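By our numbering, the letter at position 188 of the sequence shown is numbered 240, and the numbering carries on one by one without gaps.
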Amino acid sequence: MAISARLLRYFPKGKPMNPRIAVFVISLLIAANLFAAKTIIKGYAPGAEKLRIRLYTTDDYISNRESILASTVIDSTGHFQFTFNVYEKQVITGFFRIMDFTSSEIYLPSGKTYEIEFAPFDYKDPNRIHIPLLSTIKLQYSIRNTDSTDINQLVSKFNNDYSSFIIETSGIDGNTSSYAFTRPPKNKVDSFVQAVSARYKYVNNDFFRNYCDYSLATMQLNMQSKSRKYLFDNYIYKKPILYDNVAYMEFFSSYFSDFVFGTSRKIQPYDIVLNINLKPNLGGLLDSLGKDSLLRNEQLREAVLLLNMRDWYSLKTIRQDSLLKVLDLYAKKTKFDIQARIARNLSFSLTRFNAGNTAPAMNFSSLEGNVFNNDSLNKKYTFILFFTTWSKSCLSELLVADQLCKKWNDSIRFVAVSMDREPLKLFYFLEDNKFSFPIYHFGGDWVMAENLGLSAYPHGMFIDKSGKLIDYCTPVPSRGLIELFQKHAGTKVVSNMPDVGQ
Numbered sequence: 053m054a055i056s057a058r059l060l061r062y063f064p065k066g067k068p069m070n071p072r073i074a075v076f077v078i079s080l081l082i083a084a085n086l087f088a089a090k091t092i093i094k095g096y097a098p099g100a101e102k103l104r105i106r107l108y109t110t111d112d113y114i115s116n117r118e119s120i121l122a123s124t125v126i127d128s129t130g131h132f133q134f135t136f137n138v139y140e141k142q143v144i145t146g147f148f149r150i151m152d153f154t155s156s157e158i159y160l161p162s163g164k165t166y167e168i169e170f171a172p173f174d175y176k177d178p179n180r181i182h183i184p185l186l187s188t189i190k191l192q193y194s195i196r197n198t199d200s201t202d203i204n205q206l207v208s209k210f211n212n213d214y215s216s217f218i219i220e221t222s223g224i225d226g227n228t229s230s231y232a233f234t235r236p237p238k239n240k241v242d243s244f245v246q247a248v249s250a251r252y253k254y255v256n257n258d259f260f261r262n263y264c265d266y267s268l269a270t271m272q273l274n275m276q277s278k279s280r281k282y283l284f285d286n287y288i289y290k291k292p293i294l295y296d297n298v299a300y301m302e303f304f305s306s307y308f309s310d311f312v313f314g315t316s317r318k319i320q321p322y323d324i325v326l327n328i329n330l331k332p333n334l335g336g337l338l339d340s341l342g343k344d345s346l347l348r349n350e351q352l353r354e355a356v357l358l359l360n361m362r363d364w365y366s367l368k369t370i371r372q373d374s375l376l377k378v379l380d381l382y383a384k385k386t387k388f389d390i391q392a393r394i395a396r397n398l399s400f401s402l403t404r405f406n407a408g409n410t411a412p413a414m415n416f417s418s419l420e421g422n423v424f425n426n427d428s429l430n431k432k433y434t435f436i437l438f439f440t441t442w443s444k445s446c447l448s449e450l451l452v453a454d455q456l457c458k459k460w461n462d463s464i465r466f467v468a469v470s471m472d473r474e475p476l477k478l479f480y481f482l483e484d485n486k487f488s489f490p491i492y493h494f495g496g497d498w499v500m501a502e503n504l505g506l507s508a509y510p511h512g513m514f515i516d517k518s519g520k521l522i523d524y525c526t527p528v529p530s531r532g533l534i535e536l537f538q539k540h541a542g543t544k545v546v547s548n549m550p551d552v553g554q
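Structural data, given as structure tokens:
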């Protein structure tokens, strides 16, 4: 019998369990297995033969940390299958990735079998230039065995109606990338909300009803057709926090983002800063938030604190180390399991690339078969330059790095890693360009690439002799890298460096 991580929290390590609690927990475990059903995805992805497809979900919509639900290699005919458990009445919001191409969301209820077909796509085009951060390319798919009552059909139709209304009433020209936004009249917004609510009134799907209601609430909030008090009373007061519903969490974030320092007139910002910076005081923070009558509910108050702490981390007035201590303390003390998980996710997301952390897992191979991985990060400082062969700025920075390598080679290990999809591109690149340091390829390991967190190239990473980060995102070699090297590896005289772009 599989035991979920969520249920394992009832079994503290090294502590005897009260017999009554034991009976209760065993009942929960039995019930969990009885009311979980297999959800199956049978897919066809022409053009992606022998590539790995991953199914993701967002672990929570405050930290926005992603997790992999399932992963498999697409067979030689383009087919694949995922099978996983979903609890009764639960709907998982997921999305697919092949290489670094991402699909739109798919909604996965318990006990369903979906037949998915992706639009034909040349994933392996060696000349494709794709930067996920800037790209508008989405993996397109259709569900072949669905009907108008399916959650995916309902959400798709609702989203189309929602988008059409925004475009038609806000002065947005869907055929251009620029527009002059005009807020629709309140009566039009309210009429649309009433019409859509009536249209889906009899849909017997809790997830969709909440998705619809809170999407409309977000519209009313952003368009200011209803007061904040009205929205609080109708959508938040005495309502559960729907952490797994993306529309609810979008409304929650819109309503409470900057609530503590910006919106509330009852909470004193000075108290917040003192309770974090002077001495981390979780109780004092929660008491300060409780001064606003909207946050009398304990779970809501803590959720708002988590949301706002995420944004406070980047404020100059807040000490980051103290805020992290508050998060750690909160994760240990809160009685709300899901919010403890959010706090841990926030700590991870905010600090994963901080100086002093172990460098992300890496495993690269050269065209000759030589391997570079985390075990290679010893004895010397290491500078890694991630690049693409099609970028002129990458080539320019590689040439500058080559000059720096000749000066610092005794104390700093220089490495470059090609992030091109096709290793053959690197082969031809190295035929025309020679460097004094080894060049590797990331090997098409897209999960590793995600965990490295790279979003643009060139990207430099500086690592100490024990494999810990000094600077996750360094200045480029031509602008400021020398000063970083001098600080850690001593002064060197560097001259005759090529101009960038030459």
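Virtual Cβ for every residue (Gly too), placed ideally from N, Cα, C. Just so it is clear, the structure is predicted and the values come from calculations on it, not from any experiment.
By the criterion of a C-beta distance shorter than 6 angstroms, F173 is surrounded in its chain by G99, once the five residues flanking it on both sides are discounted.
Its chain contains F438, M471 as the residues whose beta carbon lies nearer than 8 angstroms to that of L506, once the 5 sequence neighbours on both sides are disregarded; these appear in chain order. Look at R317 here: in three-state DSSP terms it is coil, with no helix or strand label.
Closest in C-alpha terms to G542, from the list K459, P412, Y307, comes K459. F494 sits in coil when the DSSP states are folded into three classes, being neither helix nor strand.
Only residues of its own chain outside the window of five on either side were considered, and among them Y295 have a CB closer than 7 angstroms to the CB of I390, listed in chain order. Between D484 and T441, the alpha-carbon positions lie close to 11 angstroms from each other. Per the DSSP secondary-structure output, T110 pairs in a beta bridge with E118. Distance from the CA atom of Q142 to the CA atom of D112, rounded to whole angstroms, is 15 angstroms. For the segment 384-455, the full-length alpha helix (DSSP H) segments reaching 4 residues or more read 389-403 along the chain. Just measuring C-alpha positions, the residue of T369, R149, P321, L347 sitting nearest K190 is R149. Rounded to the nearest whole angstrom, the CA to CA distance from N430 to Q455 is 22 angstroms. Taking R348 as the centre and dropping the five residues before and after it, the same chain places the C-beta of G342 closer than 7 angstroms to its C-beta, in chain order. Between A407 and L334, the CB-CB gap reaches or exceeds 7 angstroms. Burial of E449 is indicated by the presence of at least 16 other C-beta atoms within 10 angstroms of its C-beta. L338 is not a Cβ neighbour of R362, given a cutoff of 7 angstroms. By a beta-carbon distance limit of 8 angstroms, F303 contacts T270. Their separation comes to about 5 angstroms.
When only Cα atoms are considered, P527 and I464 end up about 16 angstroms apart. Around the beta carbon of T386, 16 or more other beta carbons lie within 10 angstroms, which makes this residue buried. If you draw a straight line from the Cα of K477 to the Cα of S208, it is about 40 angstroms long. The C-beta separation of V467 from F494 comes to about 12 angstroms, leaving the pair out of contact by the 8 angstroms criterion.
The C-beta distance from S418 to I491 rounds to 7 angstroms, short enough to fall under 8 angstroms. Taking a contact as a CB-CB distance under 8 angstroms, the pair D344 and I324 does not count as one, their CB atoms being some 12 angstroms apart. Of all alpha-carbon atoms in S306, N286, N297, S518, the one lying nearest the alpha-carbon of N274 is that of S306.
A check of alpha carbon separations from I293 across S115, D427, E354 identifies E354 as the nearest. In the three-state reduction of the DSSP assignment, N262 falls in the helix class. Shortest Cα-Cα distance from F259 to any of V298, G421, L268 involves V298.
For N425, the closest alpha carbon among the candidates N415, K432, R180, A501 is that of N415.
Collapsing the DSSP output to three states places G336 in a helix. An exposed status is given to T234, since fewer than 16 other beta-carbon atoms sit within 10 Å of its beta-carbon.
CA-CA distance, R280 to Y266, rounds to 14 angstroms.
A direct Cα-Cα distance of roughly 24 angstroms separates L121 from R473.
DSSP places T198 outside any alpha helix (DSSP H), giving it a letter other than H or E. Short of 6 angstroms from the beta carbon of R106, and not among the five residues preceding or following it, lie these beta carbons of its own chain, in chain order: I120, S123, R149. For L367, the number of other beta carbons within 10 angstroms of its own is below 16, and it is reported as exposed. Taking the Cα positions, Y480 is about 17 angstroms away from S488.
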